[in-house]
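Data first, discussion second: the structure below is written as structure tokens.
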Amino acid sequence: MLFENRNEQALAETVSQYGARCRAVARNILGSEEDAEECINDALLSAWNAIPPAHPKHYGAYFQTLVRNFALKRYAAAHAEKRGGGQMTLALAELSECLASGENVERTIDRRIMLESVKRFLADLPERQRNLFVRRYWHAAPISDIAVDFEMSEINVKVTLSRIRNRLQKHLRKEGLL
20 MLFENRNEQA LAETVSQYGA RCRAVARNIL GSEEDAEECI NDALLSAWNA
70 IPPAHPKHYG AYFQTLVRNF ALKRYAAAHA EKRGGGQMTL ALAELSECLA
120 SGENVERTID RRIMLESVKR FLADLPERQR NLFVRRYWHA APISDIAVDF
170 EMSEINVKVT LSRIRNRLQK HLRKEGLL
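Just so it is clear: in the sequence shown, position 62 is 81 by the working numbering, and no numbers are missing.
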């Protein structure tokens, strides 16, 4: 409501409610607190300019998506000619094994048909497995953090993610996307 009324308090409220989680997502992708903070600021400006006329149903998800998209754009720009470290590189490398070979992972994931198929796949997973997958491949969380949060060993997290990726690959083949 604050955004719709053009109340600047909306910015502070957004950072207060969603800043920590969004900052963690951007930091996991970029590996830098400063870059993560810039993504938060870019997302705040974008939200301020978009609302109204946009009226997101779930503001937290909307804002987190903005932050993540800014982080991915920044990541792509920084790694256009070189492949560096960081959680996003590792996460994309892991996912590349089950996506169409010879194609850019980011482009493949962005395709709407692929996204819809992945959404259907995730909807069929048990909640715990779905949450593991999302933490790793949407939030780009380090394996060590996931292990702590889910009270699992790092090896168990890696094995579980590997099995999920294998199931995803079979699902995509079945749907003719590979």
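Where a beta carbon is used, it is the ideal one built from N, C-alpha and C, also for glycine.
Original post:
Are the beta-carbon atoms belonging to L85 and S65 less than 7 Å from one another?
Top reply: If you check the CB distance, L85 and S65 come in under 7 Å.
Original post:
For I174, does the three-state DSSP call read helix, strand or coil?
Top reply: I174 falls in the helix class under three-state DSSP.
Original post:
To the nearest whole angstrom, what separates the beta carbons of S163 and E170, a pair I think is in contact under 8 Å?
Top reply: With 8 Å as the limit, S163 and E170 do not qualify as a contact, their Cβ atoms being about 13 Å apart.
**OP:** Could you tell me whether the Cβ atoms of V153 and I165 are closer together than 7 Å?
**Re:** No; because the gap between Cβ atoms is not below 7 Å, this pair is not in contact.
Original post:
Where does H158 land, buried or exposed, given buried means 16+ other C-beta within 10 angstroms?
Top reply: So H158 ends up on the buried side.
Original post:
Contact check, F89 vs D61 under 8 Å by CB: the rounded distance?
Top reply: Contact annotation, F89 with D61: C-beta distance approximately 5 Å; criterion of less than 8 Å satisfied.
Subject >> Straight-line Cα distance separating R93 from C41 >> reply: Going by C-alpha positions, C41 is about 15 Å away from R93.
Original post:
Cβ atoms of N47 and A160: under 7 Å apart, would you say?
Top reply: Contact flag set, yes.
Original post:
Start and end of the alpha helix (DSSP H) containing L144?
Top reply: It is not in any alpha helix (DSSP H) - L144 carries neither H nor E in the DSSP assignment.
Subject >> Whether L187 touches R155 by CB criterion (7 Å) >> reply: Result no, Cβ atoms of L187 and R155 do not sit closer than 7 Å.
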